[in-house]
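Written out below as structure tokens is the structure these notes cover.
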Amino acid sequence: DIWVFRLGKWTEIQTDALLPGDLVSVDRTKEDSGVACDMLLVEGTAIVNEAMLSGESTPLLKDSIQLRPSDAVLDPEGLDKNAFLWGGTKVLQVTHGNPEQEKPKLSSHVPTPPNNGAMAIVTKTGFETSQGSLVRTMIYSTERVSANNFEALLFILFLLIFAIAASWYVWDEGVRKDRKRSKLLLDCILIVTSVVPPELPMELSLAVNTSLAALSKLAIFCTEPFRIPYGGRIDVACFDKTGTLTGEDLVVEGIAGLGLADSNIVDTKEADGAHSTMVRVTEASIETQLVLATAHALVKLDEGDIVGDPMEKATLTSLDWGLGRNDILASKNKYSGAQGTVQIKRRFQFSSALKRQSSVAMVNGVSKTGKRVKGTFVGVKGAPETIMKMLVNVPTDYEETYKYFTRKGSRVLALAYKQLTVDSELGSGKINDLKREKVEADLTFAGFLVLHCPLKEDAKEAVQMLNESSHRVVMITGDNPLTAVHVAREVEIVDRDVLILDAPEDNVDGKKLVWKSVDDKISIPVDATKPIDAEILKTKDLCVTGYALAQFKDEAGWNSLLRHTWV
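Under the numbering used here, think of the first position of the sequence shown as 1087, with each following residue one higher.
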């Protein structure tokens, strides 16, 4: 059952009676059943486990669209992706914003639901939902035919040739000796039919049955056994990086680049100008620690568990701050790091399109040296190349520093901040009126967060096994190209010099491409409309970004680019 707002009142109905456009109340059910259909959150927030659809076990924080501009176009794949609840996923917890905050127009005259759930509008039901389309694909994916049909036909035709030859000889000899025609015909028919042995179907399925038995011993269940023989035809194996080749447990190495932000800090410099000094998170400046305490999507459940991205969990642990209810964070150890409290008032969640996330929070912190930061604070973290465009002043050697760590295989995030008010608190109404573009502008650099993701124990062995069996192994990842190339070299996906196809730094018109080496010593302009240089394909291993791949689509070099790309 689910609560739905119809005819001016809340009514409890069966979920199969829901229609697109219904306003419903979403809450965690007693039996922990999944969300009934696809919905758009219009009030409140929800923590959702989407493992059933995506396979990712990390629960996600879903925000309503109530603070989005009323004239904005709904963007299900972009900015509004985190406002959708998908059918089949499980709601772990529902929370509501401050009662003083302005509610969206849709729910402004709607009474609070009887179960105090978050309000959502039904968008899709039945087989049109994400879960429904997944089930439909599983049931009606392909015509179920035996994988051995073609090979079996060739085998039988081969035997049939000999059967026909033998029958012709018997018939010819029988006619010469003037034997009874009906007897000869019966003999010929017996020869043809006996060529196909009665145990042939069993022999053909023997390989599949043996494979099924071997898989079952490894606790692998197969729903479509006829696909097993196709496995022998696979010649390319594609791996994700994070969580597949590398583990999911990220290790926080420290904060780098503090000397870029503060001229009083003396860092060790490399030959190219990169600041290679790293300090522990608890030894960083008060502003850096406050950015880490604010710019995240971690939430504490009613049961006491903290859910969210493993990377953010690792960061909070290294920071030695604790997360409580109502998005309040506080330092746990008075002898390490900065002391203080933070209350997150509004989150702008991470978007893969924007490559950043931020939070507006009320902070009151003091560093070991006695420096105090108090007021309304904006903490931002994201891809270094994205944050660089939002800084008031971009420090010298900024690029060299973050590239130094990405070349070593580390994951690097840029940290930045700004204070909206000092000593005083900004009202909830004003915070709700803030636009993301304004919040994430005119920022001050606060260092680089450097994380390391160790390889899984059997990753290198698995890739080597595939290489030895003449399979082509490709890595597909959303991480920084330099980090991806380093990991690919570690697991021996690439063994030659690598060229990265990406946009140049001065890409004003958004259409330029360039081949560049990992150390930036080589830079070769590329025309996507022309075939790729054969010399590059012969002597280099290629790493291609999504931007570059989109430029080459339907062009002359598309096929050769796909055939020779490793990362």
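All C-beta atoms in this analysis are idealised placements derived from N, C-alpha and C, irrespective of residue type, glycine included.
Whole-angstrom distance between V1449 and A1642, CA atom to CA atom: For the purposes of this step, residue 1642 is taken as residue 556 along the sequence shown, with counting starting at 1. For the purposes of this step, residue 1449 is taken as residue 363 along the sequence shown, with counting starting at 1. If I take the Cα positions, the gap works out to 55 Å.
Opening and closing residue of the alpha helix (DSSP H) in which S1095 lies: By one-based count along the sequence shown, residue 1095 stands at place 9. The residue asked about is misnamed: residue 1095 is Lys in this sequence, not Ser. Segment 1095-1099 is the beta strand (DSSP E) holding K1095; no alpha helix (DSSP H) there.
S1119, enclosing alpha helix (DSSP H) - first and last residue: Position 33 of the sequence shown, counted from the start, is the residue given in the question as residue 1119. Here S1119 belongs to no alpha helix (DSSP H), and DSSP marks it neither H nor E.
6 Å CB neighbourhood of G1218 in its chain, flanking five on each side removed: The residue given as residue 1218 occupies position 132 in the sequence shown. Cβ within range, chain order: G1212.
Cutoff 8 Å; reference V1337; Cβ partners in own chain excluding five residues on either side: As a first step, residue 1337 is located in the sequence shown; it is residue number 251 there, counting from the start. Closer than 8 Å at Cβ, skipping near neighbours: A1400, L1537, H1538, C1539, P1540.
Collapsed DSSP secondary structure at G1359 in the structure displayed: If you number the sequence shown from 1, residue 1359 lands on position 273. Coil.
Rounded straight-line distance, which links the Cα of T1144 to that of H1572: The residue labelled residue 1572 in the question sits at position 486 within the sequence shown. The residue labelled residue 1144 in the question sits at position 58 within the sequence shown. So the alpha carbons of these two residues sit roughly 26 Å apart.
CA-to-CA distance, M1125 to T1455, given in whole angstroms: Indexing the sequence shown from 1 puts residue 1455 at position 369. Indexing the sequence shown from 1 puts residue 1125 at position 39. Each residue's alpha carbon lies about 50 Å from the other.
Residue environment, W1652, which counts as buried when at least 16 other CB atoms sit within 10 Å: Here the question's residue 1652 lines up with position 566 in the sequence shown. Label assigned to W1652: buried.
From G1451, L1160, S1302, L1568, residue whose alpha carbon lies closest to that of E1073: Here the chain comprises residues numbered 1087 to 1653, so residue 1073 is not present and cannot be evaluated.
Three-state secondary structure assigned by DSSP to G1632: Position 546 of the sequence shown holds residue 1632. DSSP places G1632 in helix when its eight states are reduced to three.
Residues bridged to W1652 [DSSP beta-bridge criterion]: Locating residue 1652 in the sequence shown gives position 566, counting from the first residue. In the DSSP output, where bridge partners are listed per residue, W1652 has none listed.
Unbroken alpha helix (DSSP H) run spanning R1575, endpoints: For the purposes of this step, residue 1575 is taken as the residue at position 489 of the sequence shown. First-last of the alpha helix (DSSP H) with R1575: 1567-1576.
Under the three-state DSSP convention, the category R1411 falls into: Sequence index remark: in the sequence shown, residue 1411 carries index 325 (1-based). Helix at R1411.
Own chain, CB closer than 7 Å to D1273, minus 5 neighbours either side, in chain order: Within the sequence shown, numbered from 1, the residue matching residue 1273 stands at position 187. Same-chain partners within the cutoff: V1256.
Within the region 1583-1613, ranges of the alpha helix (DSSP H) (whole runs, at least 4 residues): none
8 Å CB neighbourhood of R1575 in its chain, flanking five on each side removed: By one-based count along the sequence shown, residue 1575 stands at place 489. Once the five neighbours on either side are set aside, the close Cβ partners of R1575 are D1581, V1584.
Proximity to T1588 [Cα-Cα], best of E1578, L1628, K1457, E1621: In the sequence shown, the residue the question calls residue 1588 occupies position 502. Going by the sequence as given, residue 1588 is Asp instead of Thr. Nearest of E1578, L1628, K1457, E1621 to D1588, Cα basis: L1628.
Contact under 8 Å by Cβ, D1149 with Q1435: Within the sequence shown, the letter at position 63 stands for residue 1149. Within the sequence shown, the letter at position 349 stands for residue 1435. It is a contact, given that the beta carbons lie within the stated cut-off.
Pairwise C-alpha distance: A1169 and K1607: By 1-based counting over the sequence shown, the position of residue 1607 is 521. By 1-based counting over the sequence shown, the position of residue 1169 is 83. One C-alpha to the other measures close to 44 Å.
Residue interval of the alpha helix (DSSP H) (run including L1301): As a position in the sequence shown, residue 1301 is number 215, starting the count at 1. Run containing L1301: 1286-1303, per the alpha helix (DSSP H) assignment.
Sub-8 Å separation of R1442 and A1469 beta-carbons: By one-based count along the sequence shown, residue 1442 stands at place 356. By one-based count along the sequence shown, residue 1469 stands at place 383. Contact flag set, yes.
For N1419, the three-state DSSP class (helix, strand or coil): Residue mapping note: residue 1419 aligns to position 333 of the sequence shown, counting from 1. Coil at N1419, not helix or strand.
Start-to-end residues for the alpha helix (DSSP H) that takes in A1103: Along the sequence shown, read from residue 1 onward, the residue named residue 1103 stands at position 17. Run containing A1103: none; DSSP gives neither H nor E here.
Close-in-space but distant-in-sequence residues of the same chain around K1524 (CB under 6 Å, 5 per side omitted): The residue you call residue 1524 lines up with position 438 of the sequence shown. Same-chain partners within the cutoff: there are none.
Contact check, L1246 vs V1281, beta carbons under 8 Å: Counted from its first residue, the sequence shown places residue 1246 at position 160. Counted from its first residue, the sequence shown places residue 1281 at position 195. Yes.
From E1486, R1267, L1477, residue whose alpha carbon lies closest to that of T1363: Along the sequence shown, read from residue 1 onward, the residue named residue 1363 stands at position 277. When each option's Cα is compared against that of T1363, the closest is E1486.
Other residues of its chain near V1657: CB distance less than 7 Å, five sequence neighbours each side excluded: This structure leaves residue 1657 out entirely; the chain is present only between 1087 and 1653.
Residue environment, E1186, which counts as buried when at least 16 other CB atoms sit within 10 Å: Locating residue 1186 in the sequence shown gives position 100, where the first residue counts as 1. With a pLDDT of 48 at E1186, under the threshold of 50, the modelled position of this residue cannot be trusted, and the question is left open.
Cutoff 7 Å; reference P1200; Cβ partners in own chain excluding five residues on either side: Reading the sequence shown from its first residue, position 114 is the one you call residue 1200. The residues are W1089, W1096.
Span of the beta strand (DSSP E) around L1506: The sequence position of residue 1506 within the sequence shown is 420, counting from 1. Per DSSP, L1506 belongs to the beta strand (DSSP E) from 1497-1508.
Residues near E1526 in its chain [Cβ-Cβ closer than 8 Å; skip 5 each side]: Position 440 of the sequence shown, counted from the first residue, corresponds to residue 1526. Closer than 8 Å at Cβ, skipping near neighbours: F1434, R1442, S1444, V1464, V1466, M1476.
Whole-angstrom distance between V1110 and Q1100, CA atom to CA atom: Residue numbering aside, residue 1100 sits at position 14 when the sequence shown is read from its first letter. Residue numbering aside, residue 1110 sits at position 24 when the sequence shown is read from its first letter. Distance between the alpha carbons of Q1100 and V1110 is about 12 Å.
Per DSSP, the bridge partner or partners of N1179: Counting from 1 along the sequence shown, the entry for residue 1179 is found at position 93. The question names Asn, but residue 1179 is Gln in the sequence shown. DSSP lists I1133 as partners of Q1179.
Whether S1609 touches K1616 by CB criterion (8 Å): As a position in the sequence shown, residue 1609 is number 523, starting the count at 1. As a position in the sequence shown, residue 1616 is number 530, starting the count at 1. The answer is no: Cβ separation not under 8 Å.
In DSSP terms, what T1427 is bridged to: Locating residue 1427 in the sequence shown gives position 341, where the first residue counts as 1. According to DSSP, T1427 bridges with A1416, N1450.
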